[in-house]
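Trainee: Residue numbers (this note's numbering): 60 to 538.
(1) Is there contact here, the stretch 66 to 77 with the stretch 99 to 107, by at least three beta-carbon pairs under 8 Å?
(2) Quick one: which unbroken alpha helix (DSSP H) runs of 4-plus residues sit fully inside the stretch 107 to 183? Chain order, please.
(3) Could you tell me which of 162, 167, 170, 317 sits nearest to residue 183, measuring between CA atoms?
(4) In three-state DSSP terms, what is residue 66?
(5) Quick check: what's the CA-CA separation for residue 220 versus residue 308?
(6) From what residue to what residue does the alpha helix (DSSP H) around residue 327 run?
(7) Between the stretch 408 to 426 and the stretch 362 to 380, are three or more C-beta pairs nearer than 8 Å?
(8) So who's on the other strand from residue 91, going by DSSP bridges?
(9) Report the partner residues of residue 321 according to the DSSP bridge assignment.
(10) Report the rounded CA-to-CA distance for residue 169 versus residue 145, giving the unit in angstroms.
(11) Between which two residues does the alpha helix (DSSP H) harbouring residue 349 extend?
(12) If you drop the 5 nearest sequence neighbours on each side, which residues of the same chain put their C-beta closer than 7 Å to that of residue 260?
(13) What would DSSP say about residue 492, mapped onto helix, strand or coil?
(14) Got a sec? Which residues, its chain only, sit under 7 Å from residue 404 by beta carbon, not counting five neighbours each side?
(15) Would you mind working out which of 141, 96, 179, 476 sits nearest residue 110, comparing C-alpha positions?
(16) Where residue 534 and residue 528 are concerned, what is the direct C-alpha to C-alpha distance, given to the nearest angstrom?
(17) Would you call residue 322 buried or exposed, if buried means 16 or more other Cβ atoms sit within 10 Å of its Cβ?
(18) Please report how far the alpha carbon of residue 132 lies from the alpha carbon of residue 284, in whole angstroms.
(19) Classify residue 525 as helix, strand or coil using the three-state DSSP reduction.
(20) Applying the criterion that 16 or more other CB atoms from any shown protein chain within 10 Å of the CB defines a buried residue, is residue 276 buried or exposed?
(21) Taking just the CA atoms, how far does residue 150 sit from residue 123?
(22) To the nearest angstrom, report how far apart residue 154 and residue 249 are at their CA atoms.
(23) For the alpha helix (DSSP H) containing residue 252, list its first residue and its last residue.
(24) Could you tell me whether the Cβ atoms of residue 445 and residue 339 are closer together than 7 Å?
(25) Mind checking residue 326: buried by the 16 CB within 10 Å criterion, or exposed?
(26) Suppose the cutoff is 8 Å on Cβ atoms and the five residues either side in sequence are ignored; what does the same chain contact list for residue 258 look like?
(27) What are the boundary residues of the alpha helix (DSSP H) that includes residue 76?
(28) Using the rule of at least 16 other Cβ atoms within 10 Å of the residue's Cβ for burial, across every protein chain shown, is residue 193 buried or exposed?
(29) Can the beta-carbon of residue 438 be found closer than 7 Å to that of residue 378?
(30) Less than 6 Å between C-beta atoms, sequence neighbours within five positions excluded: which residues of the same chain meet that for residue 298?
(31) Any idea if residue 264 is buried or exposed, counting beta-carbon neighbours within 10 angstroms, 16 or more meaning buried?
(32) Hey, could you find the ends of the alpha helix (DSSP H) residue 393 is sitting in?
(33) Indicate whether residue 310 and residue 287 have their beta-carbon atoms separated by less than 7 Å.
(34) Taking residue 229 and residue 329 to be in contact with their CB atoms under 8 Å, please state how far apart those CB atoms are, rounded to whole angstroms.
(35) For residue 353, does the count of other Cβ atoms within 10 angstroms reach 16, so buried, or fall short, so exposed?
(36) Report yes if the C-beta distance between residue 78 and residue 226 is below 7 Å; otherwise report no.
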């Protein structure tokens, strides 16, 4: 659920009117001035979203360009500054990773044209051309990124981009096309490369070359997470100028799903799934391989332990036919290994005081009565037992959870059914007058022949000295 955010307009109609002033008639200067005045007034009330801030800057330059005595040099600088702010304001909030990514790659994920990024680079790092070169470029319509002609054209195209990517989706979200599925480069090759190098290092710690390569792979994994964050924002329609936080948890879930695949955290060979006897940990060889990666990622992304444990719990409590984990075939040793990885994560990466209790509640909630699950839940039960070791309160809660369930309908005998039939027949045979009398009696009143009166085998009518009080269904009233 999105949290509410503050916007400068009182109604969506005000934003629609602003959009009409800007785009309805390109030659209407007065309408552009009205839009500038409204945006300026809004900026005095609250901070403008980046899209509106960039629109204001571009509108000011476009109106300035219509003045007959405008300086070419001032126009070049004004256009360049407005476009630089537009690109930087979209890209910089997504530079959240430990390692920087290229602006071009982030802009490509956001759908920004490549020439807009190139223009931003030229205006930032290169010298502006002379006036003669600008005039020649304008006459010959040469696609020179530093010419004044292309800068003005770029500003107009930037305004069109803002129209289709901000104004129209904000004014009428129902007409917005469904966001395409986020395209991400596969993570499995990176994890496979890391696993191969980590195996070599665990066998021979003197292999410095492989250790440097491992650091390179870890940087690539961090860059992949940054790419996934951008992909999540594009997929959910959350543009970079909104006040929403980056979709880091979505990216971490995709990482955890890749780690849950066989041949990752869980060894592919069942012979290698040998668990230690003294604790509820995964195989030591697997811990030696994957612990550095988990520690590195969790040091940057603090939510990784929480996300990883939740994904494991979701798998352990999912039905065999669950579409979410259709790629993973059910396997008892695989489940046991994942349960131990979740416990290791809690013990090693998540020192929160209430983490064990929260996980126990999540497991109990996911399992429910465990009667409708068509899979073996022994791994989940073993994990709950391990969580309760040394925790008396958790142990008492676990003992209540594993108590035998009440008798089910499938366990009833024919005799039980006959007794119920007799009771039902006795109730149906009661005279209507006696039933009406019982219904008409005041609450808590009854005959004076005792605390209760038996009206049918197995049924009682409570007397006046009963402690029963009327209450809504599902509400317990003490006393």
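Glycine is no exception: its CB is placed at the ideal position from the N, C-alpha and C atoms.
Mentor: The answer reads as follows:
(1) yes
(2) 109 to 124, 131 to 150, 162 to 169
(3) Within the chain shown, the letter at position 124 stands for residue 183. The residue with the shortest Cα to Cα distance from residue 183 is 162.
(4) Translated into positions along the chain shown, residue 66 becomes position 7. It is coil, neither helix nor strand.
(5) Taking the first residue of the chain shown as 1, we reach residue 220 at position 161. Taking the first residue of the chain shown as 1, we reach residue 308 at position 249. Going from the Cα of residue 220 to the Cα of residue 308 covers about 29 Å.
(6) On the chain shown, residue 327 is found 268 positions in, with the first residue counted as 1. No alpha helix (DSSP H) contains residue 327, which DSSP labels as neither H nor E.
(7) yes
(8) Counted from its first residue, the chain shown places residue 91 at position 32. Residue 91 is not bridged to any residue.
(9) As a working note, residue 321 is residue 262 in the chain shown. Residue 321 is bridged to 325.
(10) Your numbering for residue 169 matches position 110 in the chain shown. Your numbering for residue 145 matches position 86 in the chain shown. Taking the straight line from one Cα to the other gives about 13 Å.
(11) Residue 349 sits at position 290 when you count from the first residue of the chain shown. 343 to 359 is the span of the alpha helix (DSSP H), which, as asked, contains residue 349.
(12) Locating residue 260 in the chain shown gives position 201, where the first residue counts as 1. Taken in chain order, the residues that qualify are 266, 269, 270, 273.
(13) Position 433 of the chain shown, counted from the start, is the residue given in the question as residue 492. For residue 492, the predicted model reports a pLDDT of 46, less than 50, meaning its position is unreliable; a value from the coordinates is still stated below. Residue state, collapsed to three classes: helix.
(14) Locating residue 404 in the chain shown gives position 345, where the first residue counts as 1. Counting only Cβ-Cβ distances below 7 Å, and skipping sequence neighbours, we find 364, 367, 368.
(15) The count along the chain shown starts at 1 and reaches residue 110 at position 51. The residue with the shortest Cα to Cα distance from residue 110 is 141.
(16) Residue numbering aside, residue 534 sits at position 475 when the chain shown is read from its first letter. Residue numbering aside, residue 528 sits at position 469 when the chain shown is read from its first letter. Their backbone Cα atoms lie some 11 Å apart in a straight line.
(17) Taking the chain shown and counting its residues from 1, the one referred to as residue 322 is at position 263. Under this definition residue 322 is an exposed residue.
(18) Mapped onto the chain shown, residue 132 falls at position 73. Mapped onto the chain shown, residue 284 falls at position 225. Roughly 42 Å between the two C-alpha positions.
(19) Against the chain shown, residue 525 aligns to sequence position 466. Correct three-state label for residue 525: coil.
(20) Position 217 of the chain shown, counted from the start, is the residue given in the question as residue 276. When all chains shown are included, residue 276 counts as buried.
(21) Indexing the chain shown from 1 puts residue 123 at position 64. Indexing the chain shown from 1 puts residue 150 at position 91. So the two alpha carbons sit approximately 27 Å from each other.
(22) Taking the first residue of the chain shown as position 1, residue 154 is located at position 95. Taking the first residue of the chain shown as position 1, residue 249 is located at position 190. C-alpha separation (whole angstroms): 21 Å.
(23) Numbered from 1 along the chain shown, position 193 holds the residue referred to as residue 252. It spans 247 to 262 - the alpha helix (DSSP H) in which residue 252 sits, taken as one unbroken run.
(24) Along the chain shown, read from residue 1 onward, the residue named residue 445 stands at position 386. Along the chain shown, read from residue 1 onward, the residue named residue 339 stands at position 280. Taking 7 Å as the Cβ cut-off, residue 445 and residue 339 qualify as a contacting pair.
(25) Position 267 of the chain shown, counted from the start, is the residue given in the question as residue 326. Its Cβ being crowded by 16 or more others within 10 Å, residue 326 is buried.
(26) Locating residue 258 in the chain shown gives position 199, where the first residue counts as 1. Only 348 meet the Cβ criterion.
(27) For this step, residue 76 is matched to residue 17 along the chain shown. Looking at the DSSP string, the run of the alpha helix (DSSP H) that includes residue 76 is 71 to 82.
(28) For the purposes of this step, residue 193 is identified with residue 134 of the chain shown, where counting begins at 1. With a pLDDT of only 30 at residue 193, under the threshold of 50, the placement of this residue in the model should not be trusted; the figure read from the coordinates follows. Buried, by the Cβ-count rule.
(29) Mapped onto the chain shown, residue 438 falls at position 379. Mapped onto the chain shown, residue 378 falls at position 319. Not closer than 7 Å, so no.
(30) On the chain shown, position 239 is the one that residue 298 refers to. Since pLDDT at residue 298 reaches only 45, below the 50 mark, its modelled position is unreliable, and the value read off the structure follows with that caveat. The answer is none, since no qualifying residue turns up.
(31) By one-based count along the chain shown, residue 264 stands at place 205. The residue in question, residue 264, is exposed, as its Cβ has fewer than 16 Cβ neighbours within 10 Å.
(32) Within the chain shown, the letter at position 334 stands for residue 393. First-last of the alpha helix (DSSP H) with residue 393: 391 to 407.
(33) Residue numbering aside, residue 310 sits at position 251 when the chain shown is read from its first letter. Residue numbering aside, residue 287 sits at position 228 when the chain shown is read from its first letter. Yes; because the gap between Cβ atoms is below 7 Å, this pair is in contact.
(34) Translated into positions along the chain shown, residue 229 becomes position 170. Translated into positions along the chain shown, residue 329 becomes position 270. No, residue 229 and residue 329 are not in contact; Cβ-Cβ is about 54 Å, not under 8 Å.
(35) Here residue 353 corresponds to residue number 294 of the chain shown, with the count starting at 1. Buried, since its Cβ has 16 or more Cβ neighbours within 10 Å.
(36) Sequence index remark: in the chain shown, residue 78 carries index 19 (1-based). Sequence index remark: in the chain shown, residue 226 carries index 167 (1-based). For residue 78 and residue 226, yes; Cβs fall inside 7 Å.
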